[in-house]
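So in numbering that gives the first Met the number 0 the end of the sequence shown lands on 97, straight run, no missing numbers.
Heads up: the structure comes next, in structure tokens.
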Amino acid sequence: MIAGINTSKNYLKKTKGKIKDFKNERKRSGEGIESEMVTVLKRFRIEIRAYHGGTLHGKDVRKLMNDSSDIFMLFANILKAKRMQVRRQCDRSSMQKV
Numbered sequence: 000m001i002a003g004i005n006t007s008k009n010y011l012k013k014t015k016g017k018i019k020d021f022k023n024e025r026k027r028s029g030e031g032i033e034s035e036m037v038t039v040l041k042r043f044r045i046e047i048r049a050y051h052g053g054t055l056h057g058k059d060v061r062k063l064m065n066d067s068s069d070i071f072m073l074f075a076n077i078l079k080a081k082r083m084q085v086r087r088q089c090d091r092s093s094m095q096k097v
């Protein structure tokens, strides 16, 4: 029984490590929508606090609201650009199937 518990603990530890590595790699790539949006927030000196579960609080919310028109315009541009990239990838893959 104890051996089974230890095996489960080791598996859990390895899995958490793999998840952490995946998240770190994804953040470094800078190609994802989330990382581009976080970059926009950083340009406006808005920080997402990890100790609050990745949410905005206090002064960061005020900064976001003060600059909301500019920030959300940049967000819209990111989403539109990514949409076009996805469409191109889909078009390429559908042409390859034909």
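Glycine included, C-beta positions come from ideal geometry on N, C-alpha and C.
Excluding five sequence neighbours on each side, which residues of the same chain lie with their C-beta closer than 7 Å to the C-beta of Asp-20?
In the sequence shown, residue 20 corresponds to position 21, counting from 1. Excluding residues within five positions, none has a Cβ falling inside 7 Å.
Below 8 Å on the Cβ atoms is my contact criterion, and I expect Ile-45 with Leu-63 to pass it. Report the Cβ-Cβ distance as a whole number of Å.
Translated into the one-based positions of the sequence shown, residue 45 becomes position 46. Translated into the one-based positions of the sequence shown, residue 63 becomes position 64. Yes, they are in contact, since the Cβ atoms of Ile-45 and Leu-63 sit about 6 Å apart, within 8 Å.
Looking only at C-alpha atoms, which of Arg-86, Asp-90, Arg-87, Phe-71 sits nearest to Glu-35?
Here residue 35 refers to the residue found at position 36 when the sequence shown is read from its first residue. Ranking Arg-86, Asp-90, Arg-87, Phe-71 by Cα distance to Glu-35 puts Phe-71 first.
DSSP three-state call for Arg-87: helix, strand or coil?
By one-based count along the sequence shown, residue 87 stands at place 88. Arg-87: helix per DSSP, three-state reduction.
The alpha helix (DSSP H) spanning Ala-32 covers which residue range?
On the sequence shown, residue 32 is found 33 positions in, with the first residue counted as 1. The sequence given here has Ile at residue 32, not Ala. Note, Ile-32: alpha helix (DSSP H), 32-42.
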